[in-house]
Structures are given as structure tokens and as C-alpha cells.
Amino acid sequence: MAKSVIPIGPWHPLQEEPEFFTLTVDGETVVDMDVSIGYNHRGIEKLSEMKSFDQATFVIERICGICSTSHPFAYTRAVEDVIPVEVPDRAKYIRTIIAETERIHSHLLWLGLAGHFLGYNTIYHWVWKLREEILDVCEILTGNRNNYAIFKPGGVRRDFNMDDIPLVLRKIDGIIPTVDRLKKAILDDPVLHARLKGIGILTKEEVIDYSALGPTARASGVAKDVRKDAPYGAYDRVDWDMIVTENGDVFDKVVVRVLETYESIKIVKTCIAELPGGEIDLNIKDIPPGEGIGAHEAPRGETFHYIRSDGTNRPARHKVRAPTFMNLPTYKATVIGETISYATIILAAIDPCYCCTERMAVRDVEGKRLFGGPDLVKLSQEKTARMKREMGMP
Amino acid sequence: MKLPKARELVEAIKALIVGPYTSKFPYKPHVPYKSFRGQPKYDPDKCVGCLACEQVCPAEAIGHEDITDGGEAKRVMYHYTDTCIFCGTCELACIADNEGIKLSNDWELAFFDRKTESFETIDKELQLCEICGEVIACKDHLRWISERIGELSFSSPTLYYSKLKELGVIDENIVSALRDSGRSDRFKILCARCRRETTLT
Ligand code: SF4
Ligand code: SF4
Numbered sequence: 001m002a003k004s005v006i007p008i009g010p011w012h013p014l015q016e017e018p019e020f021f022t023l024t025v026d027g028e029t030v031v032d033m034d035v036s037i038g039y040n041h042r043g044i045e046k047l048s049e050m051k052s053f054d055q056a057t058f059v060i061e062r063i064c065g066i067c068s069t070s071h072p073f074a075y076t077r078a079v080e081d082v083i084p085v086e087v088p089d090r091a092k093y094i095r096t097i098i099a100e101t102e103r104i105h106s107h108l109l110w111l112g113l114a115g116h117f118l119g120y121n122t123i124y125h126w127v128w129k130l131r132e133e134i135l136d137v138c139e140i141l142t143g144n145r146n147n148y149a150i151f152k153p154g155g156v157r158r159d160f161n162m163d164d165i166p167l168v169l170r171k172i173d174g175i176i177p178t179v180d181r182l183k184k185a186i187l188d189d190p191v192l193h194a195r196l197k198g199i200g201i202l203t204k205e206e207v208i209d210y211s212a213l214g215p216t217a218r219a220s221g222v223a224k225d226v227r228k229d230a231p232y233g234a235y236d237r238v239d240w241d242m243i244v245t246e247n248g249d250v251f252d253k254v255v256v257r258v259l260e261t262y263e264s265i266k267i268v269k270t271c272i273a274e275l276p277g278g279e280i281d282l283n284i285k286d287i288p289p290g291e292g293i294g295a296h297e298a299p300r301g302e303t304f305h306y307i308r309s310d311g312t313n314r315p316a317r318h319k320v321r322a323p324t325f326m327n328l329p330t331y332k333a334t335v336i337g338e339t340i341s342y343a344t345i346i347l348a349a350i351d352p353c354y355c356c357t358e359r360m361a362v363r364d365v366e367g368k369r370l371f372g373g374p375d376l377v378k379l380s381q382e383k384t385a386r387m388k389r390e391m392g393m394p
Numbered sequence: 001m002k003l004p005k006a007r008e009l010v011e012a013i014k015a016l017i018v019g020p021y022t023s024k025f026p027y028k029p030h031v032p033y034k035s036f037r038g039q040p041k042y043d044p045d046k047c048v049g050c051l052a053c054e055q056v057c058p059a060e061a062i063g064h065e066d067i068t069d070g071g072e073a074k075r076v077m078y079h080y081t082d083t084c085i086f087c088g089t090c091e092l093a094c095i096a097d098n099e100g101i102k103l104s105n106d107w108e109l110a111f112f113d114r115k116t117e118s119f120e121t122i123d124k125e126l127q128l129c130e131i132c133g134e135v136i137a138c139k140d141h142l143r144w145i146s147e148r149i150g151e152l153s154f155s156s157p158t159l160y161y162s163k164l165k166e167l168g169v170i171d172e173n174i175v176s177a178l179r180d181s182g183r184s185d186r187f188k189i190l191c192a193r194c195r196r197e198t199t200l201t
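Those sequence lines, one after another, are chains B and P. Numbering-wise, the first sequence is residues 1 to 394 according to my numbering. Numbering-wise, the second sequence is residues 1 to 201 according to my numbering.
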């Protein structure tokens, strides 16, 4: 049987990120696929190890332009875990509010893009117009649309100006009718039903096997969310629901994201209403030697940071795991067996963020990738064996 | 089948009446919200030239240059627009009641020539050591310290002479021709090294 290979990338025309898919097709159907990333390795971990704990927050913030709260949130939690300390209540609420406004705009961004991928540009323009309102809210609260520069180990850098709060609430209330209309437009649209239902199904077992995260997992009936499973910030003090659907197809991923937008709006409004007074920062002066981990439920799933401190003012080791790292391999389960035209939207359905995922790329001078999957597994096994030996374990 | 398209039609008609959502920039200026973090600007009167902002800046967007030849002694503080990330850490760390450098609402920062237009500067007068001519600190900074520590500043000639200079009692920034690094030099404005030398003799 003759098979052809369709390359997509290395610059994805729609997702606008450097990644390279090779789809092996048989006629219209994808029979195998591979993803290659590593085009945009920025050395973030190394950079962060060159900055002080306080300054590193800004590098971390730039891991992702969309999750520019999620990474600092996880990072500051990791640093606070080293000491360990609890941040003041007001800081917790402020962090939660920013994180949730970010989730709203990130989900809206994805919805718009999904419309764009499907050639349904009405949705795209509609949603992105709506998203501007939320970005305005971010700007009013923190001083910028993205890269909020508000997180710091031990609390937050700047307090809200309480005079702005009525305007913020007005803006958030203002978007609810549009989100309602949008929800109906997306969820009743016959074309979207035809294109998204039963497409790219990720079963519950596959989610568990691949350890998929975030909306990708929740759309397949796996109820996992760091905000509920190990609450932090103000997530255990406000009332909100985890959105879980059962089908695991692309349509359900849309549903999860639309409904989560409502939950986020609810969290933001409750947090603003219940915003406690008091300090916003612990003014941490020293970070003792030790290790710490921090996680945050980013819009795309759990983001995870690990910090090792040697008692100086810089992280000795900083490890970042972005949610896409876990979600990316699920392509094997979802894309294979579908047609090429569906592959476009399935590849976008996990809301991938390749640049944030890239932590390591080893290439020779000709640009050839040196370590493939099996090599990495071997390296990892060797390291585990070496560590065991050093620690005197059997 | 018909209902969803009706929704879009309503939206389209609304857009026809309301007009485009996008603004007319650059024909109409864009006014950001009050809290917007734009270009940080120095206040030459408030800044004391302590370099705290330079130390904390995560993007290394602040630098300085000490000029001590040609009869002047000044510290030029640089703020580089092209590397700044507008995070506001400098403002939060500023020792002059957060007023030496302040984020403005200014966001239109395009320029043509990176070599000459990508930075803003202010000048601060430097205090030199009267024996060796080394830079001690900015004059304003010494005054700032002596004000903060009150009468304790009388224990340091460098500090209280700085204070006296403000009153116009002494004014020159001279490097003494006579030097014996002994008793007579103790009552001068000195850098840490010369202070140690004079004290130990
Ligand atoms: S705003 Fe941030 S990046 Fe810019 S000068 Fe101040 S500290 Fe540096
Ligand atoms: S007074 Fe403020 S602005 Fe001036 S150098 Fe010190 S920290 Fe920077």
C-alpha cells in the first residue's frame, strides 16, 4: 500500500509556533504521525538560574505570553515551598483573581483560534473582540495586558487600586451576555457539530495512560484539576465547580473551555467581593538551602516547577514542566485514524504551547537531532541507576 | 438550523450601527488606563543616584557611568528603553520614597536610531574623595544618608561635611594637593580606603 508523508511546519501557519508534524497518510487517512519540536529553545531554566529569586519571576513570566501568570504562580509556590511559608490572604486572593482573568482570556483566545482553524472566522473575530475586554481588565488591575509583573516569592508586588474595582466589575459583567450568546452560537451550530463531534476522541483510559492534563483530561471524564485536588491560593475559599464531560472528542474540549470561562468569571467576582485586607507581601529576605515544588492549574493543565536552593540568592536548579509536555503525546491516540482535514483541529484541540514546552534540544552542527525518545529513556535509566548507586540503594 | 445564523446576523447588524471595534490609531491617540505600566522616568530632583534601581532591574535596563575627568564629577544614570520590560521593580526599590524613578503612562516609544535614541539619562553630581579622587557616592545620596541617620552622621566627617555643603559653608569638590594621610586628613570627605588609611596612621 502506497503511503505518503505530509509535512506540516516547521512553522505552523495557523498556530504560529515552530513545530513540525509529519503525518503519514494513506489516502485521506492519517496512519502515523510524529511531532518534532526544539526549534525555539530559549534556555529559560539557565537564564532563571542566573537571576536572583526575585528577578527570575520576570523570566519565568515570559515562558508563555498567554500563561504569563501560571508559570510565575507555580514558580513562586515552589520558592515558598523551599522556605516554607504561607503568603498573606490578600496576596492569595490577588493571585487567584489574576490567574482566573488569565484563564478567561486564554480560553477565549483558544475558542477564537479554533473558529479560525475551522474556517469559521466569525467566531474568531467575535471572541477576540470579547477577549479585549478581559485584557482591559488585566491592564486595569496589573498595568499590562500580559506579563503582569505582579507575582513575587512571598506575595504580590503591587496592590489593586480599589478605585478601579467598580470599573473592573462592570467590564466583567459586561462580557457575560456576549459569552452567553457565544456559548449558544458555538454549542448549537450544526456545522461545528458536524465538524467536531466524534472527532479526535481521547478515551478515559488513554488520558490516564498518557497522564494528560487540564481541559484535555477533563473533556474525557477524568476529573483532575490542581485547584480542586490540592487547593492553593483562594481556590478552597470560593465556590466553583470543576467542569468534566465524558466524550473526549474535540467538541467536548470546546464545551469544557466555554463552561470553564463561566467558572472563572464566578471565581473572579467572588474573590473581588471577598477580597480581604492586610499585607500583600511577606518581604522574604533569605531563601534557605532546600528543595521545593510548586504547581498551578494553567489554562492548558497543570504547570509544574521545581526549585533547588543552595542558600544563595539564586536558584541552583530550576526545572519547568509546561502542561503541553504531557498533552502533546496524546496526538498519537487522537490524530491517527482521522482524516487530514480533521487533523488540523485535533492538533489544536489540546491548546498546545510548544515554545513553553521546550526545555531541551540537542543537535549537532548539521542541525540533526541527537537524542530521540529511546535515547532519552536510556539516559534517564542510566541516571537513575547512577543515583541509586551513589545513594547506596540496591 | 436557522437560529444560529440569526444570532450572527444580529451581531453583524449591530456592528454596522456601532462601527468598527478597532480604534483609529494612529490618527486618534490611544490613552491607556491610569494604572498602565509604561516607560520609567527619572526625576532628577528626587533621585539621589544610589543605584538601587540598577541592582534590582531584572532586565539590566538601567546603567550608569561615572565621569570624573575634565573638571567635572558626575554620575550619568541611563535608562535603556529598548531593554526595559516595564516591570516597575525599579520604582518599588527606589530609596527616594519610590519617586526617583517612576513608571509613566508613556507607551509610544518607537525611535529610529538605537545608538543615540534608545536611552534616557539624568546627571547627578558626584562626591570625590579629597585625597585620592575616588568616587564615594552622589552628593545627594550622602545628604540623604545623613538626613536619615540624624545626629549619628556627626560621627562621620564625610557625612556631616556633605550636610555642611548643602548649607553653603563649604562647597568645593577638590582633591587636596597636600596629603599626609594622617591627622590633618581625618577631617576631610574620604572614600572608605583613605578613611581606613588615615585612621590607622
Ligand atoms: S521597569 Fe523593570 S526593566 Fe524597566 S528599568 Fe525598571 S526595573 Fe528595569
Ligand atoms: S534614588 Fe531611586 S531612582 Fe535614583 S538611583 Fe536610587 S533607586 Fe534609582
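All residues carry an ideal CB built from backbone N, CA and C; glycine is no exception. All values reported here derive from a predicted model rather than from experimental measurement.
Check: residue i C-beta below 6 Å from any heavy atom of ligand 1
i, result
"A230 of chain B", "no"
"P32 of chain P", "no"
"P374 of chain B", "no"
"G63 of chain P", "no"
"P40 of chain P", "yes"
"C57 of chain P", "yes"
"C129 of chain P", "no"
"T281 of chain P", "Coverage of chain P is limited to positions 1 through 201, which leaves residue 281 of chain P absent and any answer about it impossible."
"C90 of chain P", "yes"
Cβ pair residue i, residue j closer than 7 Å
i, j, result
"D81 of chain B", "G292 of chain B", "yes"
"I104 of chain B", "G115 of chain B", "no"
"I280 of chain B", "G143 of chain B", "no"
"I37 of chain B", "Y354 of chain B", "yes"
"E100 of chain B", "V268 of chain B", "yes"
"G200 of chain B", "T76 of chain B", "no"
"T24 of chain B", "K3 of chain B", "yes"
"C53 of chain P", "C87 of chain P", "no"
"C138 of chain P", "L128 of chain P", "no"
"H318 of chain B", "S70 of chain B", "no"
"E120 of chain P", "K46 of chain P", "no"
"P153 of chain B", "F53 of chain B", "yes"
"F371 of chain B", "V377 of chain B", "no"
"V87 of chain B", "I307 of chain B", "no"
"H305 of chain B", "G290 of chain B", "no"
"K92 of chain B", "A230 of chain B", "no"
"I83 of chain B", "P72 of chain B", "no"
"R157 of chain B", "I150 of chain B", "yes"
"Y232 of chain B", "P329 of chain B", "no"
Residue i: CB within 6 Å of a non-hydrogen atom of ligand 2
i, result
"V135 of chain P", "no"
"A6 of chain P", "no"
"L103 of chain P", "no"
"L377 of chain B", "Checking the displayed sequence, the identity of residue 377 of chain B turns out to be Val instead of Leu. No."
"L109 of chain B", "no"
"G100 of chain P", "yes"
"G49 of chain P", "yes"
"Q122 of chain P", "In the sequence under discussion, the amino acid at residue 122 of chain P is Ile, which differs from the Gln named in the question. Flag unset: Cβ of I122 of chain P not near ligand 2."
"I145 of chain P", "no"
"C353 of chain B", "no"
"I95 of chain P", "yes"
"C138 of chain B", "no"
Integer Cβ distance of residue i from residue j, believed to fall under 8 Å
i, j, result
"C94 of chain P", "I85 of chain P", "Going by Cβ atoms, the distance from C94 of chain P to I85 of chain P rounds to 17 Å, so no, they are not a contact pair."
"A298 of chain B", "P315 of chain B", "Wrong, their Cβ atoms sit about 20 Å apart, outside the cutoff."
"H141 of chain P", "V48 of chain P", "4 Å"
"A74 of chain B", "T270 of chain B", "So it is not a contact: roughly 23 Å between Cβ atoms."
"C67 of chain B", "S106 of chain B", "7 Å"
"I131 of chain P", "L92 of chain P", "Wrong, their Cβ atoms sit about 37 Å apart, outside the cutoff."
"D106 of chain P", "G38 of chain P", "4 Å"
"R359 of chain B", "E49 of chain B", "Rounded, the Cβ-Cβ distance is 13 Å, inconsistent with contact."
"R257 of chain B", "L111 of chain B", "6 Å"
Residue i Cβ short of 6 Å to ligand 3 heavy atom set
i, result
"F86 of chain P", "Absence of ligand 3 from the depicted structure is noted, with ligand 1 and ligand 2 being the only ligands included."
Stretch-stretch touch, CB-based, cutoff 8 Å, three pairs: the segment 134-150 of chain B with the segment 163-177 of chain B: Contact between the segment 134-150 of chain B and the segment 163-177 of chain B is present, because at least three Cβ pairs lie under 8 Å.
Segment contact, 8 Å Cβ cut-off, at least three pairs: the segment 323-341 of chain B with the segment 190-205 of chain B: Touching, yes, given that three or more Cβ pairs across the two stretches are closer than 8 Å.
Stretch-stretch touch, CB-based, cutoff 8 Å, three pairs: the segment 101-118 of chain P with the segment 65-74 of chain P: No: fewer than three Cβ pairs fall under 8 Å.
The segment 9-26 of chain B contacting the segment 38-48 of chain B, beta-carbon criterion three pairs below 8 Å: Proximity of the segment 9-26 of chain B to the segment 38-48 of chain B meets the contact definition, three or more beta-carbon pairs being nearer than 8 Å.
The segment 242-260 of chain B touching the segment 209-223 of chain B, judged by at least three CB pairs closer than 8 Å: The way I'd put it, the segment 242-260 of chain B does touch the segment 209-223 of chain B; three or more beta-carbon pairs between them come closer than 8 Å.
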